[in-house]
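Asks: Let me give you the structure first, and then I'll get to my questions.
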Amino acid sequence: MKKVGFILDAGSIEELKDLAVAAEKANFHSVWATELYRTPFQQLSAVAPVTSKIKLGTAVALAFVRSPLTTSITSLDLDEISSGRLILGLGTGAKRTNENFHGVFYGDRPVTRIRECVGLIREILSGAHTGSEIVFEGEFYRINTKGYKRAFEPTRKEMPIFVAGIGSKMIGAAAEIADGYMGHVVCSLEYIKKVVSPSLEEKLEKRRKNGDFMKCSIITCAVSHDRERAKEAARATVAFYATVKTYDPPFRLHGFMEEVRGIRDAFRRKDVRAMIKGVSDEMVDAFTVVGDAEHCRKKVEEYRKYIDLPVLSAPHYFLDFKEVREYQERLIEAFAS
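Residue numbers (our numbering): 28 to 364.
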């Protein structure tokens, strides 16, 4: 059975739980909760009691908006709630998200910061219950846990940590410090082939066997017999991500920067319709998988040459949740095993 992951997104927590149950019945490998309008940990804490075997991942929790201690103990709680099914996916997030939305310092060295953050989280996950002191002074974190001892044993000795990234340096860091890599929605098949895969392989060869590391990427997938309607839905998701400068490398690789500038002009005018219209058919083809179930399965299969786990997401930005749910249900049905 080939592994497939599924991005959870719903208008209510009850719907979120329904989707997770459906994904588990369809034998999906994992469900993943994002962080923007909801926190991933709270979403998965609701999902955990209604599922029993499917893995639960954060895709991704923002690493810099919480302290390493808060991220660690929240993860330990969720791992206990889920009986050891959590995959802690971490990402830096965009500078705008960190500083404007959360009011936290981002800095100009996110790779150094994620290295410090993940290292501290690993120490806390493995040693918080023993009372072992962590004294650390780095570029971004100064921590002294003297006197702190978590009163509960962890559910398991080790928890997998995945790191997300788009730039080659962040991708390389994921290969060095994490147990897996999570590619972003804008990591097209071509970008994975030309940038992600080489950046990972270079570091993995120096570190350990590739079998010890899971390569994943989120893929927007709109399953429908009405291809034109599905393309419009997928077009909206591409428009949303085209507004973020952090995601420029994949758009630049494909030669889409002129279109991106037009989308950003429309974004500044708050003209959503113009944003979506600015996404060309070529952009939809590059960044999404659209078509009937057979076509989508074949296209997703092409990603498996470079990644271990496709994490599928129905289009959702700028769409009504009723329409989103239709795409999610068809996606689960198409990839059930």
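All C-beta atoms, glycine included, are put in the ideal place defined by N, C-alpha and C.
Helix, strand or coil: which one does DSSP assign to residue 114?
Replies: The residue you call residue 114 lines up with position 87 of the sequence shown. Three-state result, residue 114: strand.
Asks: Assign residue 62 to one of three DSSP states: helix, strand, or coil.
Replies: To locate residue 62, count along the sequence shown from 1; it is residue 35. Here residue 62 sits in coil by DSSP.
Asks: Start and end of the alpha helix (DSSP H) containing residue 277?
Replies: The sequence position of residue 277 within the sequence shown is 250, counting from 1. Looking at the DSSP string, the run of the alpha helix (DSSP H) that includes residue 277 is 275–280.
Asks: So the beta strand (DSSP E) residue 250 belongs to, where does it begin and stop?
Replies: Along the sequence shown, read from residue 1 onward, the residue named residue 250 stands at position 223. Element bounds for residue 250: 241–250.
Asks: Roughly how many angstroms lie between the CA atoms of residue 201 and residue 240, to the nearest whole one?
Replies: Within the sequence shown, residue 201 is the residue found at index 174, counting from 1. Within the sequence shown, residue 240 is the residue found at index 213, counting from 1. So the alpha carbons of these two residues sit roughly 10 Å apart.
Asks: Measuring alpha carbon to alpha carbon, tell me which of 104, 92, 41, 254 ends up nearest residue 122.
Replies: Position 95 of the sequence shown holds residue 122. The shortest Cα separation from residue 122 among 104, 92, 41, 254 belongs to 92.
Asks: Could you tell me which of 129, 134, 165, 133 sits nearest to residue 146, measuring between CA atoms?
Replies: As a working mapping, residue 146 is identified with position 119 in the sequence shown. Selected option, being the one with the closest Cα: 165.
Asks: Counting only the same chain and skipping the five closest in sequence on each side, list residues whose C-beta sits under 7 Å from that of residue 131.
Replies: In the sequence shown, counting from the first residue as 1, residue 131 sits at position 104. Only 91, 92, 125 meet the Cβ criterion.
Asks: For residue 158 and residue 178, I'd like the C-alpha separation in whole angstroms.
Replies: One-based indexing of the sequence shown puts residue 158 at position 131. One-based indexing of the sequence shown puts residue 178 at position 151. Each residue's Cα considered, the two are about 9 Å apart.
Asks: With DSSP as the reference, label residue 324 as helix, strand or coil.
Replies: Translated into the one-based positions of the sequence shown, residue 324 becomes position 297. Residue state, collapsed to three classes: helix.
Asks: For the ligand ADP, I want to know if residue 59 counts as a neighbour, meaning its beta carbon is within less than 8 Å of at least one of the ligand's heavy atoms.
Replies: Of ligands this structure carries none, so the ligand ADP is not represented either.
Asks: Whose C-beta lies closer than 8 Å to the C-beta of residue 95 among residues of the same chain, with five residues either side of it excluded?
Replies: Taking the sequence shown and counting its residues from 1, the one referred to as residue 95 is at position 68. If we look at residue 95 and ignore the five residues flanking it on each side, its Cβ neighbours are 144, 147, 148, 151, 168, 170.
Asks: Distance, Cα to Cα, residue 42 vs residue 70?
Replies: Residue mapping note: residue 42 aligns to position 15 of the sequence shown, counting from 1. Residue mapping note: residue 70 aligns to position 43 of the sequence shown, counting from 1. Each residue's alpha carbon lies about 11 Å from the other.
Asks: Note down, one range per segment and in chain order, each beta strand (DSSP E) of at least 3 residues found wholly within the stretch 94–151.
Replies: 113–118
Asks: At what residues does the beta strand (DSSP E) containing residue 340 begin and finish?
Replies: As a working note, residue 340 is residue 313 in the sequence shown. It spans 336–340 - the beta strand (DSSP E) in which residue 340 sits, taken as one unbroken run.
Asks: Going by beta carbon distance, what residues of the same chain come within less than 7 Å of residue 344, once the five residues before and after it are set aside?
Replies: The residue given as residue 344 occupies position 317 in the sequence shown. Same-chain partners within the cutoff: 263, 264, 267.
Asks: Going along the chain, which residues of its own chain have a beta-carbon closer than 7 Å to the beta-carbon of residue 261, five neighbours each way excluded?
Replies: Walking along the sequence shown from the start, residue 261 turns up at place 234. Contacts found: 247, 249, 311, 315, 317, 342.
Asks: Starting from residue 284, follow its DSSP beta bridges and name the residues at the other end.
Replies: What you label residue 284 is simply residue 257 of the sequence shown in a count that begins at 1. In DSSP, residue 284 forms no bridge with anything.
Asks: At what residues does the alpha helix (DSSP H) containing residue 85 begin and finish?
Replies: Taking the sequence shown and counting its residues from 1, one reaches residue 85 at position 58. Note, residue 85: premise wrong, no alpha helix (DSSP H); beta strand (DSSP E) at 82–85.
Asks: In chain order, what residues of the same chain have a beta carbon less than 7 Å from the beta carbon of residue 363, not counting five sequence neighbours either side?
Replies: The count along the sequence shown starts at 1 and reaches residue 363 at position 336. Excluding positions up to five away in sequence, the list reads 53, 54.
Asks: Around the Cβ of residue 68, are there at least 16 other Cβ atoms within 10 angstroms (buried) or fewer (exposed)?
Replies: Translated into the one-based positions of the sequence shown, residue 68 becomes position 41. The residue is buried, with at least 16 neighbouring Cβ atoms inside 10 Å.
Asks: Between the Cα of residue 209 and the Cα atoms of 78, 244, 281, which residue gives the shortest distance?
Replies: Here residue 209 corresponds to residue number 182 of the sequence shown, with the count starting at 1. Looking at the Cα atoms, 244 is the closest of the given residues.
Asks: What is the DSSP secondary structure of residue 296, counted as helix, strand or coil?
Replies: The residue labelled residue 296 in the question sits at position 269 within the sequence shown. Residue state, collapsed to three classes: coil.
Asks: With 16 other CB atoms within 10 Å as the buried threshold, where does residue 63 fall?
Replies: If you number the sequence shown from 1, residue 63 lands on position 36. With fewer than 16 other Cβ atoms within 10 Å, it is exposed.
Asks: Inspect the beta-carbon positions of residue 61 and residue 86 and report whether they are closer than 9 Å.
Replies: In the sequence shown, the residue the question calls residue 61 occupies position 34. In the sequence shown, the residue the question calls residue 86 occupies position 59. A contact, by the Cβ cut-off of 9 Å.
Asks: For residue 214, which residues in the same chain have their Cβ closer than 7 Å to its Cβ, ignoring the five residues on either side in sequence?
Replies: Locating residue 214 in the sequence shown gives position 187, where the first residue counts as 1. So the list reads 193, 223, 244, 277, once near-sequence residues are dropped.
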